[in-house]
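Everything on this sheet refers to the single structure shown next.
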Amino acid sequence: MRDLGVILLAAGLGKRMKSSLPKVLHYLGGKPLFSYPLKTARSLKPKRIAIVVGHGAEAVKSACGVNGVAWVLQKNQRGTGHAVGCSKEVFGEFSGHLIILNGDVPLITEESLLKLLRDHSEQNATLTFVTARLDEPAGYGRILRNTNGELIRVVEERDATEAEKKITEINAGIYAVSPRFLFSALESITNLNRQKEYYLTDIVAAALRSGETVRTVQIEDAREIMGINTREELALMEKILQERINQRWMEAGVTLKDPQTTYIEERVKIGKDTIIGPNTHLLGDTVIGERCRIDGCAYLTNARLASDVHLRFSVVLSDCHVEADAIIGPFAHLRPGTRLGRRVHVGNFVETKEAIIGEGSKANHLTYLGDVTVGRDANIGAGTITCNYDGFKKYRTAIGDRVQVGSDSTLIAPVSLGDDAYVATATTVRHDVPAGALVYNERVEKVREGWTKRKRKKMEKLKA
Ligand code: UD1
Ligand code: MG
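If you're matching positions, the sequence shown starts at 0 in numbering that gives the first Met the number 0 and goes up one per residue.
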């Protein structure tokens, strides 16, 4: 087959999104919209890809983050035809096949593009484009045919008559075209339509007028060609993507108790026999081992769990590592830099950050462990706080193996507790504690007999 070039249209604002963010930068499945057709385009291994940008051009470029594409600037958004015309600087002299993709049509597959290309090339066509039949075609350009079923032209929704709006065959916005024809046809189109835009779709009628071969390829799975023009369509697409991903994990041996409320991003990996409860978000590069249990209401971003970890109800984990057999939650927050060893327990209302906690250690209640290293089999009592910040700098706390930290203790960093040290309840630790030592604050405890009764009497007298 001849060389292949791809033009990806991504310059529009997306008025119907009612957003200050360019439409193609809206997130779908954790990635910007335009990255989907771009990935599919790359899978065809084209000689050249040009991306037409305009609204938020710099933001789109930096979101793309990879080289090897030619950026084309469409300064003013005068329509899809004008946008494609701008790429003449890249493809004006190109002699292969060109594929044009809309940046807001994310689910088109490699197979469908190959089918389009095959038909285009085998039939020696000048222009071949993708259509689909939709029960609800509103919003799309409609395919007009004569009574013999021969193509006449594409009419945009906004320019269509009521009768034309009833047509259910729509234009997917995906084309294979000869560059020679394309750039000359684009010079002949006008903006005499409701939107005063130069429509790419007008090249269909132009090609037919000059007797070129124009073909359509119909796609069976209409979801593939769904365009995103509104927030509602974005939400619908999110659901479709999620269903596909969830399906894949269930087929791979993962139990999802409520797939409807389970949100798994594309790069996530999950081991078999893991059971995932409702309202779980697994995002970014999260990796879950085998036989883990996630009870529900869990929000994990770039979290790595080894096997047999149990996340009890309601936890938030970000950029952290958890070794096998650990138990976390309910209501725990593991922040970036947390590394929990095997069998560690982190319980209710415990927050960790840059916390390296050794095998078998426990912090089960109401604790803040920030910038800390904890050895093995230590026990951190309820209400322990590592005071890591003096308003200027952060300092670390080091806690040895088998240390017992009594409830309501404050450890003022930088400070270290040697192995087997024992911190008495409600101690403020300011100085390093040697291995095996007990640390406590001297306080005088006083009891005043009958105090409450006297107090009440006094208060009642004052009231009277
Ligand atoms: C377009 C088609 C319509 C088709 C639908 C499929 C035209 C005139 N209409 O309509 O027939 O059914 O796609 O999804 O082509 N863009 C630019 N520069 C512009 C305008 C748009 O780069 O000046 C880009 C947008 O960023 C977007 C793509 O082109 O990625 C499509 O534009 P959009 O406004 O969404 O076109 P539709 O109205 O959906
Ligand atoms: Mg669109």
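All C-beta atoms in this analysis are idealised placements derived from N, C-alpha and C, irrespective of residue type, glycine included.
ASP257 versus LEU32: straight-line alpha-carbon distance, rounded: On the sequence shown, position 258 is the one that residue 257 refers to. On the sequence shown, position 33 is the one that residue 32 refers to. ASP257 and LEU32: Cα-Cα distance of roughly 26 Å.
Run of the beta strand (DSSP E) containing ASN347, from where it starts to where it stops: As a position in the sequence shown, residue 347 is number 348, starting the count at 1. For ASN347, the enclosing beta strand (DSSP E) stretches over residues 344–356.
Cross-strand partners of SER408 (DSSP beta bridge): For the purposes of this step, residue 408 is taken as the residue at position 409 of the sequence shown. None; SER408 has no bridge partner.
Cβ shell of ASP431 (< 8 Å), same chain only, five flanking positions each side left out: Indexing the sequence shown from 1 puts residue 431 at position 432. Correct list, in chain order: VAL414, SER415, LEU416 and GLY417.
Contact check, SER313 vs CYS296, beta carbons under 7 Å: For the purposes of this step, residue 313 is taken as residue 314 along the sequence shown, with counting starting at 1. For the purposes of this step, residue 296 is taken as residue 297 along the sequence shown, with counting starting at 1. Yes. Within cutoff.
GLY78: CB within 6 Å of a non-hydrogen atom of ligand 3: As far as ligands go, the structure on display features ligand 1 and ligand 2 and does not contain ligand 3.
Top-ranked residue by Cα proximity to CYS63, from ARG77, ILE48, GLN76 and GLU242: Along the sequence shown, one-based indexing puts residue 63 at 64. For the set ARG77, ILE48, GLN76 and GLU242, the Cα lying nearest the Cα of CYS63 is the one of ILE48.
Within 7 Å, strictly: CB atoms of GLN73 and VAL59: Translated into positions along the sequence shown, residue 73 becomes position 74. Translated into positions along the sequence shown, residue 59 becomes position 60. At a Cβ-Cβ threshold of 7 Å, GLN73 and VAL59 do not count as neighbours.
Neighbourhood of ILE319 by C-beta, 6 Å cutoff - its chain only, sequence neighbours within 5 removed: Here residue 319 corresponds to residue number 320 of the sequence shown, with the count starting at 1. It is Cys, not Ile, that sits at residue 319 in the sequence shown. ALA302, LEU333 and THR337.
Per-residue burial, MET465 [other beta carbons within 10 Å of its own, 16 or more giving buried]: Since the first residue shown for the chain is 0 and the last is 463, residue 465 is missing from the structure and cannot be characterised.
GLY95: CB within 6 Å of a non-hydrogen atom of ligand 1: Along the sequence shown, one-based indexing puts residue 95 at 96. GLY95 Cβ: outside cutoff for every heavy atom of ligand 1.
Residue closest to LEU304, alpha-carbon to alpha-carbon, out of PRO329, PRO277 and VAL267: The sequence position of residue 304 within the sequence shown is 305, counting from 1. Answer by Cα proximity: VAL267.
Reduced DSSP category for LYS38 - H, G, I as helix; E, B as strand; rest coil: Walking along the sequence shown from the start, residue 38 turns up at place 39. Under the three-state reduction of DSSP, LYS38 is assigned to helix.
Residues of its chain near VAL154, where Cβ-Cβ distance is below 7 Å and the 5 sequence neighbours each way are ignored: On the sequence shown, residue 154 is found 155 positions in, with the first residue counted as 1. GLY140, ARG141, LEU143 and GLU163, listed in sequence order.
Among HIS119, THR167, HIS280 and ALA362, the one whose alpha carbon lies nearest that of ARG1: For the purposes of this step, residue 1 is taken as residue 2 along the sequence shown, with counting starting at 1. Residue HIS119 holds the alpha-carbon nearest to the alpha-carbon of ARG1 among HIS119, THR167, HIS280 and ALA362.
Any non-hydrogen atom of ligand 1 closer than 6 Å to GLY226 Cβ: Along the sequence shown, read from residue 1 onward, the residue named residue 226 stands at position 227. Ligand 1 approaches GLY226 closely enough that one of its heavy atoms is under 6 Å from the residue's Cβ.
Distance between GLU289 and GLU161 (C-alpha atoms, nearest Å): Sequence index remark: in the sequence shown, residue 161 carries index 162 (1-based). Sequence index remark: in the sequence shown, residue 289 carries index 290 (1-based). So the alpha carbons of these two residues sit roughly 56 Å apart.
Cutoff 7 Å: LEU12 Cβ touching any chain C Cβ: Although the question refers to chain C, the structure presented lacks it and comprises just one protein chain.
Pair within 7 Å by beta-carbon distance, ARG395 and ALA412: For this step, residue 395 is matched to residue 396 along the sequence shown. For this step, residue 412 is matched to residue 413 along the sequence shown. The answer is yes: Cβ separation under 7 Å.
Near ligand 2: ASP103 beta-carbon under 6 Å from a heavy atom: Locating residue 103 in the sequence shown gives position 104, counting from the first residue. Answer for ASP103: yes, Cβ within range of ligand 2.
MET458 classed as buried or exposed, judged by whether at least 16 other C-beta atoms fall within 10 angstroms: Residue numbering aside, residue 458 sits at position 459 when the sequence shown is read from its first letter. Taking all protein chains shown into account, MET458 has fewer than 16 neighbouring C-beta atoms within 10 Å of its C-beta and is therefore exposed.
Helix, strand or coil at GLN217 according to DSSP, with G and I counted as helix: Translated into the one-based positions of the sequence shown, residue 217 becomes position 218. GLN217: strand per DSSP, three-state reduction.
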